[in-house]
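Engineer: Below is the structure I would like to discuss, written out as structure tokens.
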Amino acid sequence: MTAGILDPTISSTSRRDRPGGPVPTTQSVAAPQLGTLRGRRVGLLENTKRNAAALLDALGAVLTNTDHVDLVRMTKQDFAMPLTEDVVDGIIRDCDVVVIGVGDCGSCSAAAVADGIALEQRGVPVAVLCTEAFEVTSRAMAGLKGRPDFPVLLMPHPIANLTARDLAERGQTLASRVRSHFLGPAA
Numbered sequence: 001m002t003a004g005i006l007d008p009t010i011s012s013t014s015r016r017d018r019p020g021g022p023v024p025t026t027q028s029v030a031a032p033q034l035g036t037l038r039g040r041r042v043g044l045l046e047n048t049k050r051n052a053a054a055l056l057d058a059l060g061a062v063l064t065n066t067d068h069v070d071l072v073r074m075t076k077q078d079f080a081m082p083l084t085e086d087v088v089d090g091i092i093r094d095c096d097v098v099v100i101g102v103g104d105c106g107s108c109s110a111a112a113v114a115d116g117i118a119l120e121q122r123g124v125p126v127a128v129l130c131t132e133a134f135e136v137t138s139r140a141m142a143g144l145k146g147r148p149d150f151p152v153l154l155m156p157h158p159i160a161n162l163t164a165r166d167l168a169e170r171g172q173t174l175a176s177r178v179r180s181h182f183l184g185p186a187a
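Quick note on the UniProt record's numbering: the sequence shown kicks off at 1 and runs consecutively.
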């Protein structure tokens, strides 16, 4: 019996057993760091998980107040599936950077990482938020996508049961980490 890892982000048109052979793999590279967030369009891509929108709103409020960013709120309707090409095209058109959240289960954390890598391959800097309970899942997907070093911003698990006050505090904490992620450690 052969054991393997199923990659849920491979669509039916890119399956490894398609005519013509396996899908070629590429080594992806990180999007460049920015000099500032001021005036940037920051996409907040929430995945419909409980408290994901509220957490991203809290984070966005801090970034708006401290970095004077313009927020672009988006919702990914199917948290376990890859972003569709039309959504990716919209993100590229409407956002300078994207925060993806929140990976707090196995399939949504893996999909968030896969989406982040796909967007970075298209030149959009991305910060992926996942809870610590799903670090292994996140790192496994990063490895499958050719980016075992892909940074994931981890936070305590769970988020689903956090109060409004807890979410505001978590957003405050994450804002500095997201800022450093996009601007570098000296930010």
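Every residue, glycine too, gets a C-beta built ideally from N, C-alpha and C. A quick note: this is a predicted structure, and the numbers were derived from the prediction, not measured.
Give me the DSSP bridge partner(s) of I91.
Structural biologist: According to DSSP, which records beta bridges pairwise, I91 is partnered with nothing at all.
Engineer: How close, in whole Å, do the beta carbons of V113 and A142 come, if the pair is a contact with beta carbons under 8 Å?
Structural biologist: Contact holds; Cβ gap of about 5 Å.
Engineer: Touch check for the stretch 46 to 53 and the stretch 99 to 106: three-plus C-beta pairs under 8 Å?
Structural biologist: Enough Cβ pairs lie closer than 8 Å, so yes.
Engineer: Three or more C-beta pairs under 8 Å: does that hold for the stretch 118 to 132 against the stretch 60 to 73?
Structural biologist: No, they do not touch.
Engineer: Which complete beta strand (DSSP E) runs does the stretch 71 to 140 hold, if anything under 3 residues is left out?
Structural biologist: You should have 97 to 103 and 126 to 131.
Engineer: For D67 versus R38, is the C-beta distance shorter than 8 Å?
Structural biologist: Contact flag set, yes.
Engineer: From which residue to which residue does the alpha helix (DSSP H) around R179 run?
Structural biologist: A164 to L183 is the extent of the alpha helix (DSSP H) around R179.
Engineer: Specify the secondary structure class of V62 as computed by DSSP and reduced to three states.
Structural biologist: Helix at V62.
Engineer: Around the C-beta of D115, are 16 or more other C-beta atoms found within 10 angstroms, so that it is buried, or is it exposed?
Structural biologist: By the neighbour-count rule (16 or more Cβ atoms within 10 Å), D115 is buried.
Engineer: Assign L45 to one of three DSSP states: helix, strand, or coil.
Structural biologist: Strand.
Engineer: Going by DSSP, which residues form a beta bridge with L153?
Structural biologist: Answer is L129, bridged to L153.
Engineer: Could you tell me the alpha carbon to alpha carbon distance between E132 and P158, rounded to whole angstroms?
Structural biologist: Going by the C-alpha atoms only, they are around 9 Å apart.
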